[in-house]
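Everything on this sheet refers to the single structure shown next.
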Amino acid sequence: MIEVLDRTELARAKITGALVADVLEAMRERSTVGTNLLDIDRWAQDMILGAGAVSCYVDYAPSFGRGPFGHYICTSVNDAVLHGLPHDRVLADGDLLSLDLAVSLGGVVADSAISFVVGGSPSPADTAMIETTQRALAAGIAVAGPGARVGDISHAIGTVLQAAGYPVNTEFGGHGVGSTMHQDPHVPNTGRPGRGPKLRPGMLLALEPWVMADTDELITDDDGWTLRSATGSRTAHSEHTIAVTETGAEIMTLPRHARR
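One point on numbering: in numbering that gives the first Met the number 0, the residue at position 208 of the sequence shown is 207, and numbering is uninterrupted.
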């Protein structure tokens, strides 16, 4: 089922999205050389619970994971790209960290992800990969609006990723959100325009381009959750929750500096 939110629920979605963005930006600032992934999880927990919200991950137990997840935020490092289970690992200079967070507040969920390099100057390859996922995300958002189809978003995202030379995995991608974290429709990171469900005002979508530098194949860690590139290559992930409006799409998970 595809959920369509009313104006009151969309207003709550904006509040939830702001909280998600603020937690992610705070975790970015605090994630320095020597930071433990378990500290990031604890800091995120403090901010989420302090806001009266609930992390969607703590009790998350889908068929593909070894659930429940049991933590508040996903922390994926270097060749890990999705569902990175926080563990006792200290960040080193040059680590590429992806943080993914979904929170429920006021009965509405927002979901977002960021990737960045810890410590000194990132390599050109890391910078290019992160920026490509950001450009793909922007391209997907640009075509989202009433009357567009899911395939239009997928095509826009995939065009950017593939033009930059990255293989695209379609097992995991964007999805609907609303009263729960994962809903229909599935939004693959590549696809054919004009296909799939038609977008309607009030739909919330989490769009999330992610890539691995030289493969589209994933492997799963022994923890049953963390997904890594099969070749050990670096990875990147960008995500926003958007609301379909009468005239286009509005980003719910903008960081504080972008909301001014």
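Note that the Cβ used here is the ideal one computed from N, Cα and C, for glycine as well. Source: prediction; values computed, not measured.
Counting C-beta neighbours from all protein chains within 10 Å, is the total for residue i 16 or more, i.e. buried, or is it exposed?
{"i": "alanine 257", "result": "exposed"}
{"i": "phenylalanine 68", "result": "buried"}
{"i": "alanine 43", "result": "buried"}
{"i": "aspartate 5", "result": "exposed"}
{"i": "arginine 29", "result": "exposed"}
{"i": "glutamate 207", "result": "buried"}
How big is the Cα-Cα spacing for residue i and residue j?
{"i": "lysine 13", "j": "leucine 203", "result": "11 angstroms"}
{"i": "histidine 239", "j": "proline 166", "result": "21 angstroms"}
{"i": "threonine 74", "j": "leucine 84", "result": "6 angstroms"}
{"i": "alanine 263", "j": "proline 121", "result": "What the structure shows of the chain is the stretch from 0 to 259, and residue 263 is not part of that stretch, so it cannot be assessed."}
{"i": "threonine 158", "j": "alanine 135", "result": "8 angstroms"}
{"i": "valine 243", "j": "lysine 197", "result": "11 angstroms"}
{"i": "threonine 189", "j": "isoleucine 140", "result": "14 angstroms"}
{"i": "arginine 148", "j": "alanine 205", "result": "15 angstroms"}
{"i": "isoleucine 39", "j": "arginine 191", "result": "38 angstroms"}
{"i": "tyrosine 71", "j": "threonine 225", "result": "14 angstroms"}
Measure the Cβ-Cβ separation of residue i and residue j and say whether it is below 7 angstroms.
{"i": "arginine 199", "j": "valine 53", "result": "no"}
{"i": "tryptophan 230", "j": "aspartate 215", "result": "Checking the displayed sequence, the identity of residue 230 turns out to be threonine instead of tryptophan. Cβ atoms of threonine 230 and aspartate 215: not closer than 7 angstroms."}
{"i": "alanine 138", "j": "alanine 162", "result": "no"}
{"i": "valine 19", "j": "alanine 109", "result": "yes"}
{"i": "valine 80", "j": "leucine 95", "result": "no"}
{"i": "proline 184", "j": "glycine 175", "result": "yes"}
{"i": "glycine 195", "j": "glycine 150", "result": "yes"}
{"i": "glycine 33", "j": "valine 89", "result": "yes"}
{"i": "glycine 51", "j": "threonine 252", "result": "no"}
May I ask you to report which of helix, strand or coil DSSP gives residue i?
{"i": "arginine 227", "result": "strand"}
{"i": "histidine 154", "result": "helix"}
{"i": "threonine 234", "result": "strand"}
{"i": "methionine 211", "result": "strand"}
{"i": "glutamate 2", "result": "coil"}
Are any of the Cβ atoms in chain B nearer than 7 angstroms to that of residue i?
{"i": "glutamine 133", "result": "No chain B is present in this structure, which holds just one protein chain."}
Report the partner residues of residue i according to the DSSP bridge assignment.
{"i": "arginine 41", "result": "Bridge partners of arginine 41: none, in fact."}
{"i": "histidine 174", "result": "His185, Ala205"}
{"i": "aspartate 110", "result": "Ala101"}
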